[in-house]
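Have a look at the structure below, then the notes.
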Amino acid sequence: QNEEKWDFVLVSDIHEMGSEKEIKRKKFLDELSKKGFTIKKIEDTKLFYGVRAPQHIFWKYQRLLMNPNSRQRNSSAHQDVPVTTRIRVVHFILQNTVTSDLEKLHDLMKKKVFEAAFPLHKKEEIAEILKKKWARWRTIFKQQPIEAIRCYFGEKVALYFAWLGWYTYLLMFAAIAGLITVAAGATVFSSSQVSKEICNANNTIMCPLCDQNCSFWVLSDTCTYAKVTHMIDNEATVVFAMFMAIWATVFLELWKRERATVITDWDLYGWDEEEEELALQLINNSQHDPQPYQHSYFRSTIVLILAVLMIMVLIGIAHALVIYRAVAMALFTQSEVNLLSKHADTIAVLTGAVLHYITIVIMTKVNWQVALFLCKLEKPRTFSQREKNFTVKIVIFQFFTNFSSLIYIAFFLGRINGHPGHYVRIAGHWRLEECHPSGCITDLFIQMAVIMMLKQTISNIMEYLIPWISHQLRKKQKPSKKRSVMLGEEEEEEDPCKKQWLKNYELNEVNVFSLFNEYLEIVIQYGFTTIFVAAFPLAPLLALINNVIEIHMDAIKMMRLHRRMVPRKAKDIGIWLQVLEAIGTLAVIGNGLVIAITSDFIPVQVYKYMYSPCTKKNHTDIDCSTGYINNSLSVFHIQDFERLTKVLPEFNGVPIKECRYRDYRNADDYTYTIQFWHIFAARLAFLILFEHVALCVKLIAAWYIPDVPQKVKNRILKDKHTKLCSELSMTEYCTEV
264 QNEEKWDFVL VSDIHEMGSE KEIKRKKFLD ELSKKGFTIK KIEDTKLFYG VRAPQHIFWK
324 YQRLLMNPNS RQRNSSAHQD VPVTTRIRVV HFILQNTVTS DLEKLHDLMK KKVFEAAFPL
384 HKKEEIAEIL KKKWARWRTI FKQQPIEAIR CYFGEKVALY FAWLGWYTYL LMFAAIAGLI
444 TVAAGATVFS SSQVSKEICN ANNTIMCPLC DQNCSFWVLS DTCTYAKVTH MIDNEATVVF
504 AMFMAIWATV FLELWKRERA TVITDWDLYG WDEEEEELAL QLINNSQHDP QPYQHSYFRS
564 TIVLILAVLM IMVLIGIAHA LVIYRAVAMA LFTQSEVNLL SKHADTIAVL TGAVLHYITI
624 VIMTKVNWQV ALFLCKLEKP RTFSQREKNF TVKIVIFQFF TNFSSLIYIA FFLGRINGHP
684 GHYVRIAGHW RLEECHPSGC ITDLFIQMAV IMMLKQTISN IMEYLIPWIS HQLRKKQKPS
744 KKRSVMLGEE EEEEDPCKKQ WLKNYELNEV NVFSLFNEYL EIVIQYGFTT IFVAAFPLAP
804 LLALINNVIE IHMDAIKMMR LHRRMVPRKA KDIGIWLQVL EAIGTLAVIG NGLVIAITSD
864 FIPVQVYKYM YSPCTKKNHT DIDCSTGYIN NSLSVFHIQD FERLTKVLPE FNGVPIKECR
924 YRDYRNADDY TYTIQFWHIF AARLAFLILF EHVALCVKLI AAWYIPDVPQ KVKNRILKDK
984 HTKLCSELSM TEYCTEV
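Note that my numbering numbers the sequence shown so that position 662 is 925, with each residue one more than the last.
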């Protein structure tokens, strides 16, 4: 039974005898044989080579690292070394074995000498436990078996699922807070004085929203839109944004504690990745010289310049989306179709959001290639260093891809478009969009809702369907059994390994970035959940629903649709923690800016305390925001229009001399009023106050919650003490002898 335990399987096409590929393959397998590897060949429509490493390799590994997994040094090494360690060591040796032509497995796979190399999903007890308790939909609300995941996929994968589970659990609190905010908005604030004024403004004639086919319109037409806006844009949102800033900090601090507990249970507290890599290099080649650290300022400068160029391209794409919306708005309003011309602004926003989603999908692939190219330029020393460098680049590129359009809508839309009589135009032709009279926050709400919904539905469906379909197709292309019979190899037909190897070969390929993709997806989602959450309080709820499905979808993919991942050791989630902390800080800045700039919260407060009826008389029975809408609209004289005909326009048969628009400008020379500067100062003051209070609260929360629990600290202290005591007793014994 022990004989049939194979660590890895190499797959190759059947090459002609004496061909270059066949010679290269033989050279590689000979190198493995020299290292003491046992190799078993099974022929089908492909050639399968089972590879098993000799025991002395694992003894060396344990000696070099004094592995905590092998406390009983004298028992048999095969039982001592966990399967995950065996696979990791063998994988390293396979990847670093050099043939006489100075080629590694990676080069041979590029030249199609080998097609695949993978560890096996075996019918072992732990795999059955995972299939039963984890990789099926009916266990969706049950706790994950993290220890079993670790024993089967290694610490790195187990830590990912532990982190994702923890994040999902804490999202429940954020989702509840978001729901309360929306509920408060729907009940308390949607019937606010401001929306009542918009709904009753039957005589307030507004300036046209575009140049052609746009007539003057009455403010009360936007009554429904105003109610929706005030459902999101109210005092509760400010409290919620503050809550989310604290939540982001508490989540990371509690995760650090959770991680410390898990790592201590796994005996990995003192584990060192660099030492592990050096040990593996020495096991593979005892003459190995470590690659020294290097740093080139020239390379770093080139990488920096190229990265900045890429970011500028991504910002350029955001500009293109802005131009699309301006042009689309103009074209839709001129459309013959009544539906398009009537709802031109909403349709332009919606199609813009869908287009943004499509650019995200395309640019993600481009960003990937650019980040890989920049990593190659840097020539990182080790695999973990390369992964770290790659992560930083891809996260920055993805941030600009996902958020640059949202940043425009939040902070620039409606603020750089000029005013009637002096509009800012693209190429002197198309007017830039304006904000809705109820405020800009609804545009941001729509954009975020569309992108999050599309990302979570389409991306998840594709993420599951593509591996499932390709697995079904591979199963359909089962190799015919006739060839073996023809070759007179009937006895090999019954080989128990053959069925297992073929079954594993039919599964989808995994690569080094399989887990990276999962992290990236969740980290971008975390950005949506925290950075602009003030504009979209339902984001945490959507993220929660997505994650509950994501955990089990990933589990099913890993266990049933993909080949077994090569287990990797890790004692934290790596650079992703710093990325999450950076997003937490951006969330404070982002939400502060959304409330100060995008939302109408500040203009309403300034009006209440400086310009409202409440300031003039001591009225207790009047709402202080009465008259706000009239106050926030400026007057424009129609004879000042850029493209005016001699006759004054009519509205419902009555000639009109002036129209209103959303801004704080004087009626005579259209310069900013003093109120505009009051609001500007108040926005700035609120922003500074909000940022500082939120950052102080974050710092206090980080200080208040220790990163490492007391029991873990005490356990490490006790271990150190016991170790030193045993060393001391050994020393005393030696001196006595």
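Here a beta-carbon is modelled for each residue, glycine too, at the ideal position from N, C-alpha and C.
Same chain, Cβ closer than 6 Å to residue i, neighbours up to 5 away in sequence not counted
i    : result
C887 : K871, S875 and C877
N359 : N547
W269 : G313 and R315
L991 : none
Q342 : Any reading at Q342 needs caution, since the residue's pLDDT is 48, under 50, leaving its predicted position unreliable; the model's value is listed next. Answer for Q342: no residue qualifies.
P331 : Confidence at P331 is low in this model, with a pLDDT of 46, below 50, so its placement is unreliable and the value that follows should be read with caution. D530.
K820 : P730
L310 : S275 and I277
Neighbourhood of residue i by C-beta distance below 8 Å, restricted to the same chain and skipping five residues each side
i    : result
L613 : I709 and V713
V857 : A504, A673, I704, L707, F795, A797 and A798
L434 : T792, P803, A806, L807 and N810
A340 : The predicted position of A340 is uncertain, since its pLDDT is 40 and thus under 50; no value can be drawn from it.
A446 : none
H825 : P730, L770, N771, E772, V773 and S777
P969 : R520
Per DSSP, cross-strand counterpart(s) of residue i
i    : result
A380 : L273
S824 : Note that residue 824 is Leu in the sequence shown, not Ser. Paired residue(s): none; L824 is not in a bridge.
I689 : W693
F653 : Partner(s): none; F653 has no beta bridge.
E913 : P918
I819 : Answer is none; I819 lacks a bridge partner.
R928 : Y935
H699 : G702
H319 : Answer is none; H319 lacks a bridge partner.
G681 : Y686
N665 : None; N665 has no bridge partner.
N771 : H825
N-terminal and C-terminal residue of the beta strand (DSSP E) that residue i is part of
i    : result
I305 : T301 to E306
L310 : L310 to R315
H900 : L896 to H900
Range covered by the alpha helix (DSSP H) that runs through residue i
i    : result
F949 : I937 to Y967
Y924 : Unbroken run through Y924 is the beta strand (DSSP E), E921 to R925; no alpha helix (DSSP H).
A634 : A607 to E641
E391 : E388 to K396
L365 : From DSSP, L365 is part of no alpha helix (DSSP H); its letter is neither H nor E.
W510 : E498 to D528
M873 : Where M873 is concerned, there is no enclosing alpha helix (DSSP H), given that its DSSP letter is neither H nor E.
W839 : W839 to L856
S296 : E283 to K297
N780 : S777 to T793
S563 : Y560 to T596
Y430 : E418 to A447
S862 : Per DSSP, S862 belongs to no alpha helix (DSSP H) and is neither H nor E.
I732 : N723 to K739
Close-in-space but distant-in-sequence residues of the same chain around residue i (CB under 7 Å, 5 per side omitted)
i    : result
D863 : D496 and G702
K745 : Caution applies to K745, whose pLDDT of 45 falls short of 50 and renders its modelled position unreliable; the value that the coordinates give is listed next. Hits under 7 Å: none found.
R737 : E769
T889 : Q456, S875 and P876
P471 : C477, S478 and F479
A634 : F653, K656, I657 and F660
Q740 : none
A965 : T512 and E516
C988 : none
Beta-carbon separation (whole angstroms), residue i vs residue j, contact threshold 8 Å
i    : j    : result
L695 : N680 : 4 Å
L584 : L618 : 6 Å
F424 : Q407 : 6 Å
P972 : T524 : 6 Å
Y415 : L393 : 6 Å
I657 : L783 : 7 Å
I356 : K298 : 7 Å
E366 : K287 : 7 Å
Y924 : Y935 : Rounded, the Cβ-Cβ distance is 14 Å, inconsistent with contact.
A398 : A818 : 4 Å
I403 : P382 : The pair is not a contact, with the Cβ atoms about 28 Å apart (cut-off 8 Å).
G684 : F899 : 7 Å
Just list the beta strand (DSSP E) runs in the region 453-488, keeping only unbroken ones of 3 residues or longer that don't cross its boundaries, in chain order. If one requires a minimum length of 3 residues, no beta strand (DSSP E) run lies completely within the region 453-488.
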